[in-house]
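See below for the structure under consideration.
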Amino acid sequence: MVLTRRAHKARMVIARWLPNELLARIIDYAPRPDQAALCRVSKLFHALTLPVLYREIEIDTTEQPAIVIESFCSAMMKPGRAEVARQFILTFGTDEEFFSNPVLRLYGGLTGSIRLMHKLEHLHLIDLSTSPPNAFSYLFREITFPRLSIFRLGLQTGNKEYSAALVQFFARHPNITEVCLWMPELPWSTTAVGSCLPNLQQYEGSAEFLPHISSRGVKCARVPGWIHSLDDGGTVAALKSVTVYRSRRSVRSSHRLLRNSARNDTG
83 MVLTRRAHKA RMVIARWLPN ELLARIIDYA PRPDQAALCR VSKLFHALTL PVLYREIEID
143 TTEQPAIVIE SFCSAMMKPG RAEVARQFIL TFGTDEEFFS NPVLRLYGGL TGSIRLMHKL
203 EHLHLIDLST SPPNAFSYLF REITFPRLSI FRLGLQTGNK EYSAALVQFF ARHPNITEVC
263 LWMPELPWST TAVGSCLPNL QQYEGSAEFL PHISSRGVKC ARVPGWIHSL DDGGTVAALK
323 SVTVYRSRRS VRSSHRLLRN SARNDTG
């Protein structure tokens with residue numbers, strides 16, 4: 083039997099002789115531009131590459147926020163994208179362009195796209211703005227990610243609405259094992275905040291939130307800006323109540339930025 087040139091070429095492709103599991107491992111080590119190109123090679127490579135390409139999503143809106151947000155929302159609306167995402171990092175801008183009306187109008191689509199990623203395990207929101215106030219407090223009040231285990235949040239400013247919404251968010255996510263809250267002077271009302279996060283193992287954030295952690299097995303706690311010599315003893319008492327207090331190494335003062343934490347996870 084004489085094969086056509088096209089049939090002979092297809093027969094010689096090595097992918098025909100490799101199991102899909104091995105191909106997926108090879109694709110996992112490929113650079114992202116190559117992964118994007120492989121998605122267009124064939125239906126087989128599209129099916130194998132898509133979960134790898136969109137497993138970890140990071141978008142930075144510090145430059146051209148409208149274009150970045152629109153592009154992200156458009157990608158998430160396509161079949162197969164949002165449901166394969168396991169980690170999502172979103173960095174917000176702080177300049178005037180980010181707070182312009184064209185960008186603010188995209189907030190609804192942005193939170194809606196995040197909601198589609200219902201299998202998220204890691205969620206990082208960096209330099210999140212509280213303007214407009216209802217944009218992301220809706221996400222914290224209403225949306226649930228059943229598999230979420232790591233949550234990191236950096237707020238540019240804090241207010242009571244966000245603290246109340248975060249309490250509801252934590253109550254719906256008892257499986258979270260690691261939390262980092264970088265929030266300047268976010269008020270935590272003792273009457274509004276109940277116990278939450280029963281499985282928490284690592285915490286970084288405000289000392290005021292410590293009494294509301296129901297877990298007693300926290301292995302590492304970092305309180306940014308806390309100075310041991312100036313503390314009245316309340317912070318140490320709160321830390322002892324939630325940590326596995328084997329030594330002083332389990333209680334640390336840290337100025338480590340949230341951005342560095344997220345980069346270390348992906349790097």
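Residue numbering for the sequence shown follows this note's numbering, beginning at 83 and increasing consecutively.
Yeah, the Cβ is synthetic: ideal placement off N, Cα and C, and Gly gets one too.
> By how many angstroms is the C-alpha of residue 150 removed from the C-alpha of residue 108?
Replying inline: 29 Å
> Grouping DSSP H, G and I as helix and E and B as strand, with all else coil, what is residue 223?
Replying inline: helix
> In terms of DSSP beta bridges, what is residue 235 paired with?
Replying inline: 207, 263
> Candidates 190, 197, 193, 187: which alpha carbon is nearest residue 166's?
Replying inline: 197
>> With a threshold of 7 Å on Cβ separation, who are the neighbours of residue 356 within its own chain once the five nearest residues in sequence on each side are excluded?
In response: Only positions 83 to 349 of the chain appear in this structure, which leaves residue 356 out of reach.
> Excluding five sequence neighbours on each side, which residues of the same chain lie with their C-beta closer than 6 Å to the C-beta of residue 133?
Replying inline: 166
> Residue range of the alpha helix (DSSP H) that residue 111 falls in?
Replying inline: 102-111
>> Give me, in chain order, the residues of the same chain whose beta-carbon lies closer than 7 Å to that of residue 280; leave out the 5 immediate sequence neighbours on both sides.
In response: 256, 296, 297
>> Cutting at 7 Å between CB atoms, please list the residues of its own chain near residue 199, excluding the five before and the five after it.
In response: 164, 167, 170
>> If the criterion is Cβ atoms closer than 7 Å, does the pair residue 219 and residue 244 meet it?
In response: yes
>> With a threshold of 6 Å on Cβ separation, who are the neighbours of residue 232 within its own chain once the five nearest residues in sequence on each side are excluded?
In response: 204, 260
> Thinking C-alpha only, which one of 148, 131, 251 is nearest residue 184?
Replying inline: 148
> What does a CB cutoff of less than 6 Å around residue 253 pick up in its chain, not counting 5 residues either side in sequence?
Replying inline: 278
>> So residue 287 and residue 262 are supposed to be a Cβ contact under 8 Å. How far apart are they, rounded?
In response: 6 Å
> Just curious, the alpha helix (DSSP H) that residue 250 is in, first and last residue?
Replying inline: 242-254
> Out of 119, 264, 247, which has the shortest C-alpha to C-alpha gap to residue 223?
Replying inline: 247
>> Quick check: the Cα distance between residue 208 and residue 138, rounded to an integer number of angstroms?
In response: 16 Å
> Any idea what DSSP makes of residue 174, helix, strand or coil?
Replying inline: coil
>> Once the 5 residues before and after residue 144 are set aside, which same chain residues still bring their CB inside 7 Å of it?
In response: 173, 175
> How close, in whole Å, do the beta carbons of residue 235 and residue 210 come, if the pair is a contact with beta carbons under 8 Å?
Replying inline: 7 Å
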